[in-house]
Amino acid sequence: MDDAVQPLALQYRTGGSGDFVNLPAAFLADATVGSAAGAVTPVALTLPADAAGTAALQLRFITANATGNDEWIGIDSISVTGSPLAPVPEPGQWMLMASGLGVLAFTARRRLAL
19 MDDAVQPLAL QYRTGGSGDF VNLPAAFLAD ATVGSAAGAV TPVALTLPAD AAGTAALQLR
79 FITANATGND EWIGIDSISV TGSPLAPVPE PGQWMLMASG LGVLAFTARR RLAL
């Protein structure tokens, strides 16, 4: 008999220490589906702004000891994506820019001398 009720919550934190924060959009009141082995419950969400641009992001799933006949839950196919960062100028680009500024300064100085 499959009668367990297994809540599941997702939490996150930035960095390697500190409190975890609940993500209410990812909460499942019952992550079990009885005898429907292989059932999928997709959850998609956007992390809050404070998670952007951090060096470390930790996720954890919290569940409780289910009442009734225990069932197993599985978590897979986790994907975390982000926006690309602005490119950092390469040393070659810096040299080209410095050379161009040098030529402009030389030309301006020469015009003043004439």
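Sequential numbering from 19 applies to the sequence shown in this note's numbering.
All C-beta atoms, glycine included, are put in the ideal place defined by N, C-alpha and C.
Given the structure is predicted, the values throughout are model-derived calculations rather than measurements.
The C-beta distance from A82 to A22 rounds to 10 angstroms, too long to meet the 8 angstroms contact threshold.
Contact annotation: the segment 27-41 touches the segment 57-68, with at least three C-beta pairs closer than 8 angstroms. Cβ contact annotation for V39 (same chain, cutoff 7 angstroms, sequence separation greater than five): Q29, Y30, R31, in chain order.
G120 sits away from A74, with the two beta carbons spaced by 8 angstroms or more. L41 and G71 have their C-alpha atoms some 18 angstroms from each other.
Note on geometry: alpha-carbon atoms of L114 and R129 lie some 23 angstroms from one another. Looking at the DSSP output, I80 bridges to A27.
Around the beta carbon of Q24, 16 or more other beta carbons sit within 10 angstroms, so the residue counts as buried.
Pairing F79 with L26 gives a Cβ-Cβ distance under 8 angstroms.
A residue is called buried once 16 or more other Cβ atoms fall within 10 Å of its Cβ, and T125, having fewer, is exposed.
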